[in-house]
Structure formats: C-alpha cells, structure tokens
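Trainee: These protein sequences, in sequence, are chains A and B.
Position 337 of the first sequence, counted from 1, bears residue number 337 in the UniProt record's numbering, the numbering being contiguous throughout.
Position 383 of the second sequence, counted from 1, bears residue number 383 in the UniProt record's numbering, the numbering being contiguous throughout.
Dumping the structure here so I can ask a few things about it.
There are 2 protein chains.
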Amino acid sequence: MRRFATERAKKLISSYYHPHQRSLLSSSRYSSRFFTSVVPDPSAMSPPVTVDTINPKVLKCEYAVRGEIVTQAQNLQQELQAKPGSHPFDEILYCNIGNPQSLGQQPITFFREVLALCDHPSILDRSETQGLFSADSVQRAWQILDLIPGRATGAYSHSQGVKGLRDHIAAGIEARDGFPANPNDIFLTDGASPAVHMMMQLLIRSENDGILCPIPQYPLYSASIALHGGALVPYYLDEAKGWGLEISELQKQLKEAKSKGITVRALVVINPGNPTGQVLAEDNQRAIVEFCKKENLVLLADEVYQENIYVDEKKFHSFKKVSRFMGYGEDDIALVSFQSVSKGYYGECGKRGGYMEVTGFSADVREQIYKVASVNLCSNISGQILASLVMNPPKVGDESYESYIAEKDGILSSLARRAKTLEDAFNSLEGVTCNKAEGAMYLFPRIHLPQKAIEAAKALKKAPDALYASRLLEATGIVVVPGSGFGQVPGTWHFRCTILPQEDKIPAVVSRLTAFHEAFMGEFRD
Amino acid sequence: MRRFATERAKKLISSYYHPHQRSLLSSSRYSSRFFTSVVPDPSAMSPPVTVDTINPKVLKCEYAVRGEIVTQAQNLQQELQAKPGSHPFDEILYCNIGNPQSLGQQPITFFREVLALCDHPSILDRSETQGLFSADSVQRAWQILDLIPGRATGAYSHSQGVKGLRDHIAAGIEARDGFPANPNDIFLTDGASPAVHMMMQLLIRSENDGILCPIPQYPLYSASIALHGGALVPYYLDEAKGWGLEISELQKQLKEAKSKGITVRALVVINPGNPTGQVLAEDNQRAIVEFCKKENLVLLADEVYQENIYVDEKKFHSFKKVSRFMGYGEDDIALVSFQSVSKGYYGECGKRGGYMEVTGFSADVREQIYKVASVNLCSNISGQILASLVMNPPKVGDESYESYIAEKDGILSSLARRAKTLEDAFNSLEGVTCNKAEGAMYLFPRIHLPQKAIEAAKALKKAPDALYASRLLEATGIVVVPGSGFGQVPGTWHFRCTILPQEDKIPAVVSRLTAFHEAFMGEFRD
C-alpha cells in the first residue's frame with residue numbers, strides 16, 4: 001500500500017508540472033492560476049515560531065520518563081536494527097516506563113473479548129462467535145451496548161463518559177471502599193494524565209498558586225504544574241523510613257511556601273508511590289486527610305497503582321474510604337481520586353482509559369470542571385468500557401472467572417517475585433541501597449557515586465545519575481530514568497527501574513546490571 | 001452486578017460501625033484508630049475551591065455546543081423517560097453536535113472488523129474467524145499488528161503514535177495531495193481537539209498573543225484560546241457571499257489587532273467550514289497562504305471535514321497541497337493540518353482518533369511539541385489504528401472494497417440529500433435565509449427575528465437566538481445551537497443545525513421545524 005501511494009504521489013507530482021495534465025489536480029475554473037509561478041517574498045523574516053517566541057511555560061516543562069535517555073535508546077535500537085551485533089546486547093529493554101505489555105505482559109482475555117465484541121457488535125448474533133468468545137464476554141458486551149444510547153460505540157458520549165458505565169464504576173468503587181459512590185462524581189478520561197491536567201488547570205491561577213508534591217514524584221505533576229504556570233511546593237519523602245511521608249515535613253514546606261507568598265491549593269499524594277513504591281499506612285493516610293482538612297487543601301490522590309500491592313502487611317485503602325471512615329462526608333473535604341486502566345494487573349496503557357472521582361466540590365465548581373471536560377467532547381469509548389471492566393471484573397460463577405483469576409494472580413504474583421529479586425540485586429551492589437517495592441511498578445535505588453564519577457558527569461554537563469543511566473544503557477541496553485528526573489534530596493543520586501521485564505529475563509537483567517555496576521565502580525572508584 | 005456491588009457495599013458499611021467485624025477493613029495494626037470519633041474542625045473555613053478562587057481562564061471559557069441548551073435537552077429527555085407523553089414529541093433529536101452514529105449512522109464494517117481483530121488478536125488464527133471477518137480485514141489486522149512493537153496493542157506507543165501507522169497515514173496524505181508527507185511530521189492525538197490545544201499552548205504566551213479566528217467559528221477555538229489566556233482576533237466570514245473569506249477582512253482585523261498591541265501569531269481556517277459549511281475555492285486558499293506567508297503567521301488548517309463535500313463544483317484541497325503547489329516548501333511556511341476520525345463518512349466520534357501534520361517548524365520547536373505530547377504519553381491505539389485506516393481504506397481488488405465503497409457512497413450521498421432538503425426547508429421559512437452546505441455537517445441559517453421576540457429574550461436575559469433554540473426544543477425535541485455560541489455579526493441571529501438525522505426522519509424534522517417557526521413568528525410578529 002505504501003508503495004502504491006508513493007507511486008501515485010509521484011505521478012501526481014509530475015502531473016502538476018505538466019499543464020496538459022492539469023485536470024488531475026482539479027476541475028475548478030481556478031486551477032489554471034496554479035500554474036503562474038510564485039516567487040517567495042525576498043524579505044525573508046525569521047520564522048513565525050522559534051523557541052524564543054513560544055510559550056515559556058512549555059519550555060520550562062520537563063518530562064524525564066520520555067526524555068533524553070529514551071532518545072538515546074531509540075537511536076541505539078535503530079543502530080541495532082541496521083547493524084545487528086553492533087552493540088554488546090541484542091535488544092533494548094525499556095525499564096523507563098510502566099508499560100507492561102511492551103515487555104510481553106499479556107492482556108486479560110476477558111477484557112479483550114468484551115472490547116472486540118463492542119467494536120464489532122454485528123458478530124454478537126453469529127453462531128461462530130459462540131465458539132470464539134466466552135459466554136460471559138458476549139453477555140457483558142450486550143449489557144454494555146445496552147448502556148450506550150443507540151448502542152453507538154462510535155458516538156461521542158456524555159462529556160463525563162457513558163452514564164451506565166459510570167454506574168458500573170461507582171458500584172465497583174462502593175464494593176472496594178464500602179462507602180457510596182456517585183456516578184455523577186466520575187469523569188472518564190483518556191488515561192489519568194488528562195484528569196490531572198484538568199485539575200491543575202482549575203486550581204492554578206498564577207505562579208503564586210502552589211501544589212504540594214512529593215519528592216521524588218512522577219514527573220507528570222511537575223510537568224503539568226509548569227505547563228499551567230503554577231509553583232511546585234516540594235515535600236520530601238523520607239528514604240531512611242521506606243520513603244515515609246511525614247506530616248511535619250508537609251507542615252514545614254507549607255509554612256515556607258506561605259512565607260514566600262505562595263497560596264498552596266492542593267496536596268498531591270501518590271499511593272502506592274511512584275517512583276518510590278511505598279504503600280501508605282492507614283494512620284498516615286488519616287493524618288494526611290486531617291492535614292488537608294486543617295489547611296483547607298484539595299487532596300489529589302493518585303491511586304492508579306491500587307491493584308499493585310506486593311506485601312502481605314500492607315493493603316490499599318483509597319483516601320475516600322479513609323476520609324469517609326473518619327466521618328468526613330461530601331461537604332467536609334475536597335478530594336479527587338485518579339485511576340487508570342494502564343496500571344494494575346491489566347496494564348492496558350495503549351487503551352488510554354481512566355477516570356477521576358471528584359468529591360467535595362460545590363455544584364458551581366463542578367459545572368466548571370464539566371465545561372472543561374466538554375471542550376474535549378469525551379474520552380475514547382473503548383477506554384471507558386475498559387475502565388468499567390477493571391472496576392467490575394468477572395465474578396464467581398461467571399464462565400471466565402477462573403481463567404480471569406488465574407491470569408490476574410499470575411501477573412501479580414510474578415510482579416511481586418520480580419520486585420523482590422530486583423530489590424535484592426540492587427541491594428547487593430556496591431554503594432547501592434534500595435527500599436522495598438511494597439507496591440506500584442518501580443524500584444528507586446540510591447547510588448552512592450564515587451566523587452570521580454560526579455566530576456566526570458560535571459565535565460559532561462550531565463547530572464551524575466544521568467551519566468550512570470546513559471552508561472548503563474550503552475553497556476546493557478537497559479533503559480532506566482535518572483533520579484534527577486523525579487527530584488531527590490540534593491547530593492543524593494538514584495534511578496527508577498520498572499519491575500516489568502518478563503520473569504525469564506530477570507536473571508539476565510540482574511547479571512547485566514551487576515556486571516555493568518562493577519565495571520562502572522571500577523572505572524570511577526575514588 | 002450493580003445490585004451485587006451495592007449489597008456488598010451496604011454490608012461493608014455496616015461492618016465498619018461494628019468493631020467486632022473490623023478485620024474486614026484491614027489487618028493493619030492501625031485499624032483500631034479508625035474507631036475513635038472524628039469531630040470536624042468547628043472553625044469551618046470556606047471551601048478550598050470556589051468559583052471565585054478557580055483559574056479565571058476556566059471561567060472565561062465557553063463551549064456552546066455542549067452548553068445550556070444541551071442541559072435543557074437532557075432534562076427533557078429524563079422527563080420523557082419518566083413520563084412518556086409529557087411533551088409534544090417522543091424523542092430528543094440531537095442536532096447540536098456532529099455526532100453521526102448517535103443519530104443512527106452505521107460504522108464502516110471494514111474499519112470495525114480490523115479494530116475488533118486488533119483488540120483480540122488471539123482469534124486471528126482461529127478457523128471460526130474466517131467465517132466472521134472479511135479476508136482483507138484479517139490481513140490488515142496482521143499487517144497493523146506487525147507495525148506495532150511486540151504486537152502489543154495494549155502498550156503505550158511512541159509519543160507521536162506508532163511509527164508504522166504514521167507511515168500509512170503519510171502515504172495516505174501523499175496519495176491525497178500528490179506531495180510527499182513525512183511520518184515524523186505526524187502527531188496522532190485523541191481526536192483533533194487535543195491537537196488544537198497543543199498548538200494553542202505552544203503559541204500563546206499571554207493575553208497579548210492573538211489568534212485570527214473566523215466568525216462564526218467552531219467554539220473549540222474560542223474555548224482553547226480562552227483556556228490558554230490568549231486573544232481571539234475575529235475575522236468575519238461574509239454571509240452574503242456564501243460565508244466567503246475575504247483577504248481584505250483579514251488585513252483589516254490584523255491591523256486593528258496590532259494597533260491594540262496584540263501580536264497575532266496564527267490564522268485558523270476551517271475548511272470545509274464549521275458551522276458555515278462553505279468549501280474554499282483554490283484561489284482563495286492561495287491568497288490565504290500568501291497572507292500567512294507575508295504576515296509571518298502560522299496557518300492552522302482545520303481540515304477534519306475533508307471527506308464531506310456535497311457539491312460537484314467544489315473539491316477539497318489541503319492547505320499543504322496548495323502551498324506546495326505554490327512553490328512553498330517545508331522551510332517557507334509554518335502549517336498545521338488537523339484531521340479526525342470523527343467526521344468524514346466514517347463519523348467515528350467515540351473512537352477519539354485524529355492527527356496533526358506539523359510542517360515548517362524548526363527542529364527545536366518540534367522537540368518542544370514532542371515533549372508536550374510526551375507528557376500525555378500517547379493517544380489511544382484503537383484511535384491510532386482507525387486514523388491509519390481512514391487515510392488508507394480498502395482499495396480495488398480487496399475483498400471489502402465493494403461493500404466499503406457502497407457504505408461510503410451511501411452515507412455521503414444521503415448526507416448531500418439531507419443537506420439540500422434542510423437548506424430548502426430553512427429557506428422556505430418566513431424571515432430565514434440559509435446558505436448552501438457545500439461541505440461539513442451543518443447548516444447555519446440566519447433568522448430575522450421580530451423586534452418583539454428580541455425584547456422578550458432581553459426580558460429573560462437571553463440572547464434572542466438562544467430563546468429561539470430553547471423554544472424550538474420545547475416544542476419539537478430538536479436540539480440546535482444558538483448562533484451566539486459561534487459568534488456572528490452583531491444584530492444578526494442564527495442557529496447551527498446538523499444535517500445528521502437519518503433520512504427517514506428528515507420529513508418529520510422539516511414539518512416540526514416549519515410548524516414551530518410559524519407558531520413562533522405568529523406569537524412575536526411585530
């Protein structure tokens with residue numbers, strides 16, 4: 001097809017320059033005017049857009065997860081394809097981003113069955129379909145189609161998402177939390193990122209509005225705050241206490257921000273943590289809710305890793321459940337919970353499904369959020385359907401239930417094993433300490449770099465952890481993100497590595513990492 | 001399922017308040033602290049977010065297409081469901097938005113086959129699949145899967161979209177235009193709206209940066225400019241000349257904006273027009289390109305209706321083709337073309353697929369666009385696949401070709417008939433004049449309202465066309481958008497009505513509209 005189009009294009013191009021064939025271009029009476037020659041204005045100006053004339057907020061925004069290191073990796077990949085054997089590894093292993101299916105994780109069968117049937121409902125009645133799809137996927141597809149006005153999966157939905165799908169999601173939240181959820185509080189979005197942007201857009205009026213963010217943080221937050229022109233007010237997680245979140249630190253940073261004239265409007269909490277992998281204890285969550293209540297802050301709860309818990313002693317509790325349990329109702333606390341189909345055991349990043357549950361905002365503010373959602377019309381319907389499925393998966397007695405549970409448990413238990421193996425491997429390296437990944441998809445080891453390495457990085461105008469990550473990539477093909485992309489206590493160096501390589505590849509990852517690290521330390525040891 | 005979840009939720013809730021069952025909540029050692037009573041701070045503050053403390057740009061933004069009239073329609077719909085027969089119509093006909101499948105348009109079979117197969121690739125090898133799907137859809141699904149690294153349709157793609165799909169799209173653009181297209185110029189997005197936002201975000205630094213927009217315009221542009229804090233610089237389309245775009249008007253408005261200290265950065269052109277339905281003539285397009293070149297403006301070309309042309313005497317020409325044909329290459333003009341899977345004959349609004357083709361920007365500016373795209377990771381993969389399909393549909397010899405062409409032609413010829421019937425109907429109404437819909441999906445009739453109606457609206461603090469639309473809705477169930485939502489010459493009144501009701505409903509639409517209009521004029525005649 002490509003060849004076909006290119007040839008057709010070539011023919012068309014040549015025809016343009018041969019007036020006798022000009023009917024190919026157009027039947028318009030104006031087409032002959034196309035053949036007068038055009039001489040561009042000789043007083044050439046500078047281009048209409050340069051980096052000096054674009055929005056400086058765009059320039060300021062940084063997003064390390066897809067930054068320089070990924071460009072370097074893509075270049076290496078091209079070199080490998082063009083010249084196999086040109087590097088000491090045969091594939092690039094993208095551990096920079098929580099993208100499970102890119103590393104071989106298989107989708108949950110039931111979810112994909114339902115999505116396929118909703119994409120092409122005309123096969124639902126066909127006898128062949130019975131042999132190809134599970135009975136409950138067919139039933140669920142019918143049920144979902146009946147929730148969509150006119151069964152039109154190709155139509156824009158309500159700006160917040162299909163009402164019936166929001167009902168399913170609200171029921172799932174109720175089942176999870178044990179407290180009521182209102183479908184009208186749910187805004188379905190193309191992944192969690194647009195939801196975060198929407199809240200930043202609402203809250204940030206100027207550079208004097210601040211958002212309390214953990215450091216280290218997922219750089220979506222710093223990027224979104226920069227794009228909307230606000231101030232990131234950092235609070236440091238305590239690495240020595242397993243990336244603990246200390247209320248005293250929140251208080252200190254809030255006070256400092258206020259003294260600089262910053263109005264702090266919201267607190268971002270990522271639980272389970274990204275890039276840090278800790279799972280908050282309930283009393284800690286209660287104290288956080290209390291802090292937001294007392295300081296009159298919106299609590300922005302990034303809960304996209306709610307299904308990713310790997311240790312028995314920790315459970316996920318949503319901030320909504322915790323605050324309701326404390327006796328705070330709808331009118332007492334402004335709380336936004338973000339969820340995504342990209343994470344969990346499903347890992348459906350490419351589907352761009354997600355939602356935010358918005359509680360504790362007045363009706364007129366809600367109207368404004370609705371308006372902003374409306375400008376983009378709606379999120380994609382497949383992502384909406386998938387969000388309803390992950391919040392309401394097959395249940396006992398459904399045909400798919402057993403295979404669904406087997407797939408889910410297989411993925412989660414494997415992730416737990418991978419997290420432990422990689423954690424142990426990092427901790428066995430010279431000068432490296434690594435907290436446990438209690439949840440999420442990442443480890444964030446600290447590297448105590450030799451002074452010589454720090455100076456070598458300085459000479460290259462690189463952050464020392466960026467030098468480490470770059471050298472790791474060159475030596476092993478493993479892509480990790482330098483800690484400087486997430487923020488860290490000044491003078492400490494880290495990197496984020498996902499736990500997502502498939503289990504049969506983990507031993508090779510460990511041995512390549514170990515060999516690289518020894519060589520690196522050997523080269524730079526003080 | 002809803003019932004199941006609700007019951008489970010009720011059980012959980014009651015359990016929280018019975019300490020003997022508290023293990024249900026959590027095994028954590030902290031859980032007992034949940035049972036101490038929490039008394040909210042008595043010194044209640046005002047909520048952390050009110051309409052007085054949100055970002056004023058959000059307040060300023062308006063989006064009429066899903067505004068007040070739609071809320072009114074949704075309320076009526078609920079009343080109809082609760083109490084059938086409570087209104088003089090039995091359904092709400094949403095003619096407010098270009099959402100073809102919501103009004104019964106069927107999706108193109110081939111496109112949906114491919115999407116379903118890509119959602120659930122494990123059926124591709126099954127024998128039953130041969131009976132259910134066309135051979136070329138199976139072949140295309142394999143081809144597409146091979147373009148996606150690891151065949152992982154559930155993985156985040158490259159921030160601009162899957163490279164192989166961009167190759168297909170570039171080939172489609174080449175075939176359409178007869179000039180080369182570079183896949184690296186293409187940014188796949190969740191519909192065209194996020195692409196428009198991205199460009200506004202890049203271009204607008206402050207309220208002193210202006211964007212030339214047609215009036216009437218699709219309110220995405222005014223909304224996006226407001227959200228990004230820029231100035232909308234209006235240029236009026238000439239209704240008397242079939243909504244003609246006059247260069248002298250552009251020059252006049254540019255000069256006036258400059259005199260107010262506005263730096264005009266870009267010109268938005270919607271071709272075919274929305275809400276106005278005109279298709280630009282080639283010499284007009286040439287003059288527009290020349291104007292942008294001379295005034296050093298970025299040309300933002302909304303070309304989402306490129307397949308929707310209903311008159312023989314007009315053809316669609318992309319601005320890229322026109323500018324290349326004029327001899328302007330990559331370095332001569334900064335041009336962004338927006339395309340969407342929501343429009344055309346496909347009308348796949350719910351899939352949120354689309355792209356922008358960005359040409360004539362320097363590498364460092366392109367890097368900034370890439371960075372902003374990266375913050376949202378990528379657009380949804382189904383939408384990406386669909387964008388590749390609409391730009392490279394089945395071709396002669398493919399099994400699906402004939403049915404595809406029949407479906408496509410059926411939709412487009414029906415739309416042309418509907419456009420004509422509705423245009424004639426509007427023109428037959430007292431005091432109404434309506435330009436032809438040469439393309440797109442809308443008519444934008446002008447209503448010469450009696451003074452009494454204008455005064456009645458004033459008394460209700462409504463725009464007169466909003467009063468008209470509201471009364472039309474109450475009387476007929478037909479939802480149209482008041483012209484004031486798109487902008488219009490002061491003192492003139494219009495509304496936008498889609499041409500999308502299914503053909504068998506058009507006679508009823510016409511007779512209901514006509515009866516309403518007569519009654520309305522009867523009531524208010526001066």
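Ideal placement from N, C-alpha and C gives every residue a C-beta, glycine not left out.
Here the structure is a predicted model, which means the values were calculated and not measured.
With contact counted as at least three CB pairs below 8 Å, one residue from each stretch, are the segment 78-89 of chain B and the segment 325-337 of chain B in contact?
Mentor: No: fewer than three Cβ pairs fall under 8 Å.
Trainee: Can you tell me whether R29/A is buried or exposed? The criterion is at least 16 other CB atoms within 10 Å of its CB, across all chains shown.
Mentor: Indexing the first sequence from 1 puts residue 29/A at position 29. In this prediction, R29/A scores a pLDDT of 34, lower than 50, which makes its location untrustworthy; no coordinate-derived value is stated.
Trainee: Locate the alpha helix (DSSP H) running through G327/A, then write down its first and last residues.
Mentor: One-based indexing of the first sequence puts residue 327/A at position 327. Element bounds for G327/A: n/a, residue is neither H nor E.
Trainee: Does the beta-carbon of A387/A, which I'm using as the reference point, lie nearer than 8 Å to any heavy atom of the ligand FAD?
Mentor: In terms of ligand content, the structure shown is empty, and the ligand FAD therefore cannot be addressed.
Trainee: What are the partner residues of E357/A, as DSSP defines its beta bridges?
Mentor: Mapped onto the first sequence, residue 357/A falls at position 357. Bridge partners of E357/A: I186/A and S337/A.
Trainee: Check whether the Cβ of T492/B lies closer than 9 Å to any Cβ atom in chain A.
Mentor: For the purposes of this step, residue 492/B is taken as the residue at position 492 of the second sequence. Judged by the 9 Å Cβ criterion, T492/B is not in contact with chain A.
Trainee: Hey, A266/A and L245/A: beta-carbon distance below 9 Å or not?
Mentor: Translated into the one-based positions of the first sequence, residue 266/A becomes position 266. Translated into the one-based positions of the first sequence, residue 245/A becomes position 245. Going by C-beta atoms, A266/A is not nearer than 9 Å to L245/A.
Trainee: For a test of the three-state rule: what should DSSP assign to C213/B, helix, strand or coil?
Mentor: Position 213 of the second sequence, counted from the first residue, corresponds to residue 213/B. In the structure shown, C213/B sits in a strand (DSSP, three-state: E or B).
Trainee: Which runs of the alpha helix (DSSP H), 4 residues or longer, sit entirely within the segment 374-459 of chain A?
Mentor: Segments of the alpha helix (DSSP H) lying fully in the segment 374-459 of chain A: 381-390, 401-427 and 451-459.
Trainee: What number of angstroms, rounded off, separates the C-alpha of K252/A from the C-alpha of A301/B?
Mentor: Stepping through the first sequence from its first residue, residue 252/A is reached at position 252. Stepping through the second sequence from its first residue, residue 301/B is reached at position 301. For K252/A and A301/B, the distance between alpha carbons rounds to 50 Å.
Trainee: Nearest CA to the CA of S484/A: which residue from T71/A, L299/A, Q139/A and Y218/A?
Mentor: Working through the first sequence from its first residue, we reach residue 484/A at position 484. Closest by alpha carbon: Y218/A.
Trainee: Taking 9 Å as the threshold (C-beta atoms), are L443/A and T476/A in contact?
Mentor: On the first sequence, residue 476/A is found 476 positions in, with the first residue counted as 1. On the first sequence, residue 443/A is found 443 positions in, with the first residue counted as 1. Result no, Cβ atoms of T476/A and L443/A do not sit closer than 9 Å.
Trainee: Does any C-beta atom of chain A lie closer than 9 Å to the C-beta of M45/B?
Mentor: Position 45 of the second sequence holds residue 45/B. Yes, its Cβ sits closer than 9 Å to a Cβ of chain A.
Trainee: According to the neighbour-count rule (16 or more other Cβ atoms, all chains shown, within 10 Å of its Cβ), is I405/B buried or exposed?
Mentor: Sequence index remark: in the second sequence, residue 405/B carries index 405 (1-based). Result: exposed.
Trainee: Using a Cβ-Cβ distance cut-off of 9 Å, determine whether E113/B contacts chain A.
Mentor: Looking up residue 113/B in the second sequence gives position 113. It does: the Cβ of E113/B has a partner Cβ on chain A nearer than 9 Å.
Trainee: Quick check on H87/B: does DSSP put it in helix, strand or coil?
Mentor: If you number the second sequence from 1, residue 87/B lands on position 87. If DSSP states are grouped into helix, strand and coil, H87/B belongs with coil.
Trainee: Start and end of the alpha helix (DSSP H) containing Y235/B?
Mentor: Indexing the second sequence from 1 puts residue 235/B at position 235. Careful: Y235/B lies outside any alpha helix (DSSP H), inside the beta strand (DSSP E) at A231 to Y236.
Trainee: Can the beta-carbon of M356/B be found less than 9 Å from the beta-carbon of M199/B?
Mentor: Position 356 of the second sequence, counted from the start, is the residue given in the question as residue 356/B. Position 199 of the second sequence, counted from the start, is the residue given in the question as residue 199/B. Yes. Within cutoff.
Trainee: According to DSSP, is V489/A part of a helix, a strand, or is it coil?
Mentor: Working through the first sequence from its first residue, we reach residue 489/A at position 489. Reduced to three states, the DSSP call for V489/A is coil.
Trainee: Does Q101/A come within less than 9 Å of chain B when only Cβ atoms are used?
Mentor: Numbered from 1 along the first sequence, position 101 holds the residue referred to as residue 101/A. True, the Cβ-Cβ gap to chain B drops below 9 Å.
Trainee: So for F291/B, helix, strand or coil by DSSP?
Mentor: Looking up residue 291/B in the second sequence gives position 291. F291/B: helix per DSSP, three-state reduction.
Trainee: Terminal residues of the continuous alpha helix (DSSP H) containing K497/A?
Mentor: As a position in the first sequence, residue 497/A is number 497, starting the count at 1. The question names Lys, yet the displayed sequence has Cys at residue 497/A. Not the alpha helix (DSSP H): C497/A falls in the beta strand (DSSP E), residues F495 to T498.
Trainee: Quick one: is S374/A near chain B, going by C-beta distance under 9 Å?
Mentor: By one-based count along the first sequence, residue 374/A stands at place 374. At least one chain B Cβ lies under 9 Å of S374/A.
Trainee: Does any residue of chain A have a CB that is nearer than 9 Å to the CB of R352/B?
Mentor: As a first step, residue 352/B must be located in the second sequence, where it is residue number 352. Yes, its Cβ sits closer than 9 Å to a Cβ of chain A.
Trainee: Helix, strand or coil for Y94/A, going by three-state DSSP, please let me know.
Mentor: Translated into the one-based positions of the first sequence, residue 94/A becomes position 94. Residue state, collapsed to three classes: strand.
Trainee: Does chain D have any CB closer than 9 Å to the CB of V49/B?
Mentor: In the displayed structure, chain D is absent; the protein chains listed are A and B.
Trainee: Identify whether G522/A lies in helix, strand or coil by the three-state DSSP scheme.
Mentor: The residue you call residue 522/A lines up with position 522 of the first sequence. Helix.
Trainee: Exposed or buried, D177/B, counting other C-beta atoms within 10 Å across all chains shown (16 or more means buried)?
Mentor: Residue 177/B sits at position 177 when you count from the first residue of the second sequence. Under this definition D177/B is a buried residue.
Trainee: What does the Cβ neighbour count give for G150/A, buried or exposed, with the cut at 16 atoms within 10 Å?
Mentor: Locating residue 150/A in the first sequence gives position 150, counting from the first residue. When all chains shown are included, G150/A counts as exposed.
Trainee: Work out the CA separation of H317/B and Q106/A for me, nearest whole Å.
Mentor: By 1-based counting over the first sequence, the position of residue 106/A is 106. By 1-based counting over the second sequence, the position of residue 317/B is 317. Cα-Cα distance, rounded: 43 Å.
Trainee: Here's the rule: buried if 16 or more other CB atoms are within 10 angstroms of the residue's CB, otherwise exposed. What is A466/B?
Mentor: By 1-based counting over the second sequence, the position of residue 466/B is 466. By the neighbour-count rule (16 or more Cβ atoms within 10 Å), A466/B is buried.
Trainee: So, does the CB of R8/B fall closer than 9 Å to a CB anywhere in chain A?
Mentor: Start at 1 with the first residue of the second sequence, and residue 8/B comes out as number 8. The predicted position of R8/B is uncertain, since its pLDDT is 41 and thus under 50; a value taken from the coordinates is nonetheless stated next. So yes, R8/B belongs to the interface.
Trainee: Of the choices E474/B, I447/B and P482/B, whose alpha-carbon is the least far from that of K462/B?
Mentor: For the purposes of this step, residue 462/B is taken as residue 462 along the second sequence, with counting starting at 1. Minimum Cα distance to K462/B is reached at P482/B.
Trainee: Quick one: using the 10 Å Cβ neighbour count with 16 as the cut-off for buried, is L203/B buried or exposed?
Mentor: Here residue 203/B corresponds to residue number 203 of the second sequence, with the count starting at 1. Buried: at least 16 other Cβ atoms inside 10 Å.
Trainee: Tell me the rounded alpha-carbon separation between D136/B and E399/B.
Mentor: The residue you call residue 136/B lines up with position 136 of the second sequence. The residue you call residue 399/B lines up with position 399 of the second sequence. Rounded to whole angstroms, D136/B to E399/B spans 6 Å at the Cα level.
Trainee: Cβ atoms of S342/B and Y156/A: under 9 Å apart, would you say?
Mentor: Your numbering for residue 156/A matches position 156 in the first sequence. Your numbering for residue 342/B matches position 342 in the second sequence. The answer is yes: Cβ separation under 9 Å.
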